[in-house]
Amino acid sequence: MPGRSYAPTATRCVTDMDLLWQPLLLSIQLAGVTTIVLIFVATPIAWWLSQTDSSWKPLVQTTVALPIVLPPTVIGFYILIVLGPAGALGGWWVELTGSALTFSFTGLVIASCIYSLPFAVQPLTAAFESLGKQKLEAAWTLGASRMDAFFSVAVPLSIRGYLGAVVLSFAHTLGEFGVVLMVGGNIPGETRVVSIAIYDQVESLNYAAAHQLSALLLVVAFIALFAMFFVNRRWQR
Amino acid sequence: MSPGATIQLNYKLQRESFALDVNIEVPTQGITAVFGPSGAGKTTLLRCIAGLEKSAGGTSRSVQERNIGYVFQEPRLFDHLSVRANIEYGQKRRSNNGGPDFDHVIELLGLQNFLSRSPSELSGGEAQRVAIARALMSSPKFVLMDEPLASLDQARRDEILPFLDRLHVESQVPIIYVSHNIDEVCRLCDHLVVIESGRVVADGELQDVLVRMDIPALGGDQSGSVIEGIAREHDAGDDLTRLAFSGGDLWVPGRAAEEGSSLRLRIRASDVSLCRSMPEQSTILNILPAVVEAIQPGNGPSMLVRLKLGDDRIVARVTRRSIRELGLQVSDQVFAQIKSVAVRSFCIPRNAVNYL
């Protein structure tokens, strides 16, 4: 094992800190943005799934659930094809902005949203389904429009579903590796998230740094999940 | 709204195993009971009126536009809001100006001490009172109540009934009250609509419909009648109240009402017996002259006899054998014996008496 310098220079120190904190901050940033986007995307999907009798329902359910089953490399591969400069969405993006979606933070957010979608949709769907029609009907008879009743009754009464969706999307995005590697690559400060950085460090046999990064990710994931279960318990009546 | 005004209710609904076909006029004053056995379509009718059920007939207006206050079987309170915020929910979304005053509705339903509580801290009866207040505060054009007491035990019902009595007195809006409990109907309502298998089999003023003997839902143990009168005196020694009505005087148990106030009595057919001549030395306190108006077979070995006492009518349930042995026929003069302790009395609002 290569020995570490016992008297690191100032520059060396900064690099160490960057190596440690930059990927972590990037991971949290990616997970945070993805979670926010997902709440807005997943809410209408989950609401539709919870209310509909449409024959399209199983198809939508299957599509949403696919990322749970498929290897991240498969998802990452298809996303790469679509987001790449030659792909439908990627090509349009290049025309629009002049830069490619692949190997960019924006591209990573899109990929993460697809990858973590079931983790936002499923807790919300379960919460909306358990809500039933009763309270909504009461709200309608009291003069609330459907949209008003949704925001003033359905959403607050499904708050535990939202908590579950937020924490699971966040934690799941934090832990993703395969999709990021396929779509984002390994650009420091842009796409080099913690899981990639750990892989990188292990590859270069830098176990100390890998330890630090792994421990940090472990702590963040633990805190996120613990907070969810703790709050959930307090909300239980 | 002027007395005598009515609302037209016309709804048709076809389901796989059930059809609803209702076309009635409901008075805009007082409480109209919709009575019938389970599965008769009472709830479905209310849901059609409210616009929660897609039906042929009626209007195509949305639930929100119909401006109806709906009190469901369960309170359906919003658990994330306080009692006050629940009651204000409808108030904030009123489509018309005016409407009842918050403090007045709170006082009417005795909710002064509950406003800051969470719905989860309320008993079933308290929650249902909040639900009623919430519906009233949305300033509805009329109020639908779907068996609001059905999910409560007897103690909770007794706790909430006085509030419904007050609502009966004070409500400015017509109320449609669904129930399968005839005692509740007799206590609270002024008009009665009986439905069976989705169809209206009787509809009219409470007293008139109750003494019709051709309605199976009102037969059997349910059969009976309602009369109204004025409390005249209270005998403190024996704890009985004398009530004057068109057919004479009746003694009822307890201090049923203040002297001079109106009283409604529910007289079950099985608590009325008949004599050819004025009985002497009977334990029955209430023996009144009556004329037989109709005789009809009842359940099993019983016959139902409709009697006219003054301007009021009551129903007696006696055995077929008794009818035969007494040789009873329509227009015969008889004496009706009404067991005092069996009579249930309810104080009723003055304005309802005037209206009826």
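So the protein lines, in turn, are chains A and B. Okay, so the first sequence: first residue is 767 according to this note's numbering, each after it adds one. Okay, so the second sequence: first residue is 14 according to this note's numbering, each after it adds one. Backbone N, C-alpha and C fix where the C-beta goes; we use that ideal spot for every residue, glycine too. None of the values given here were measured: they were computed from a predicted structure.
- Listed along chain B is no residue with a C-beta nearer than 8 Å to that of valine 997/A; the closest approach is about 15 Å.
- Residue pairing by DSSP puts tryptophan 264/B in a beta bridge opposite Arg255/B.
- Taking 8 Å as the CB threshold, threonine 907/A lines the interface with chain B.
- Taking CB atoms only, leucine 180/B has no neighbour in chain A less than 8 Å away.
- Runs of the beta strand (DSSP E) lying entirely within the region 209-249 of chain B and spanning at least 3 residues, in chain order: 212-218, 237-248.
- The DSSP-derived three-state label of cysteine 288/B is strand.
- Separation of the CB atoms of glutamine 77/B and serine 911/A is rounded to 6 Å, and the pair is thereby assigned contact status at 8 Å.
- Taking proline 50/B as reference, the option from Val186/B, Leu301/B, Arg212/B, Arg289/B with the minimal CA-CA separation is Arg212/B.
- Closer than 8 Å to the CB of serine 136/B there is not a single CB belonging to chain A.
- Between the alpha carbons of leucine 301/B and isoleucine 189/B lies a distance of about 35 Å.
- Around the beta carbon of methionine 948/A, 16 or more other beta carbons sit within 10 angstroms, so the residue counts as buried.
- When only Cα atoms are considered, alanine 831/A and tyrosine 844/A end up about 16 Å apart.
- Between glycine 909/A and arginine 107/B, the beta carbon gap of about 7 Å places them in contact (Cβ cut-off 8 Å).
- The distance from the Cβ of isoleucine 308/B to that of valine 343/B is about 6 Å, consistent with a contact at the 8 Å cut-off.
- Within the same chain, and ignoring the five residues on either side of alanine 892/A in sequence, the residues whose Cβ sits closer than 7 Å to its Cβ are Gly927.
- Using beta-carbon distances, alanine 892/A does not count as an interface residue toward chain B, since no partner is under 8 Å.
- In the DSSP secondary-structure assignment, glutamate 38/B is bridged to Gln21/B.
- Within its own chain, the residues whose Cβ lies closer than 8 Å to the Cβ of threonine 45/B, once the five positions on either side in sequence are excluded, are Val39, Pro187, Ile188, Ile189, Tyr190, Cys202, Asp203, His204, Leu205, Val206, listed in chain order.
- Identification of residues in the region 907-941 of chain A having a C-beta nearer than 8 Å to some C-beta of chain B yields Thr907, Leu908, Gly909, Ala910, Ser911, Asp914, Ser918, Val919, Pro922, Leu923, Ile925, given in sequence order.
- If you draw a straight line from the Cα of glycine 17/B to the Cα of glutamine 42/B, it comes to about 8 Å.
- The Cβ of phenylalanine 85/B sits closer than 8 Å to at least one Cβ of chain A.
- Measuring C-alpha to C-alpha distances from serine 882/A to each of Ser924/A, Ala904/A, Pro837/A, Leu790/A identifies Pro837/A as the nearest.
- CA-to-CA, the gap between phenylalanine 988/A and alanine 53/B works out to about 56 Å.
- With distances taken between CA atoms, isoleucine 880/A lies nearest to Val807/A out of Tyr965/A, Val807/A, Glu895/A, Ala937/A.
- Per DSSP, reduced to three states, the secondary structure at histidine 204/B is strand.
- Residue pairing by DSSP puts phenylalanine 48/B in a beta bridge opposite Ser192/B, Val207/B.
- Between glutamate 956/A and the set Leu792/A, Asp966/A, Asn972/A, Asp784/A, the nearest pair of CA atoms involves Leu792/A.
- Under the DSSP assignment, phenylalanine 871/A falls in the alpha helix (DSSP H) whose first and last residues are 871-897.
- The closest CA to that of valine 347/B, considering only Thr56/B, Ser259/B, Glu306/B, is found on Glu306/B.
- Residue-level contact by beta carbon fails for isoleucine 189/B and chain A, as no gap is shorter than 8 Å.
- Annotation: tyrosine 24/B has no Cβ neighbours in chain A at a cutoff of 9 Å; minimum Cβ distance is about 17 Å.
- For alanine 307/B, the enclosing beta strand (DSSP E) starts and ends at 299-310.
- Neighbours of isoleucine 81/B in chain A, taken as residues whose beta carbon is under 9 Å from its own, are Thr907 in chain order.
- Residue contact check for phenylalanine 91/B against chain A: a CB pair falls below 8 Å.
- Around the beta carbon of asparagine 299/B, a 10 Å sphere encloses 16 or more other beta carbons of the protein chains shown; the residue is thus reported as buried.
- By the Cβ-count criterion, phenylalanine 155/B is buried, with 16 or more other Cβ atoms from all chains shown falling within 10 Å of its own Cβ.
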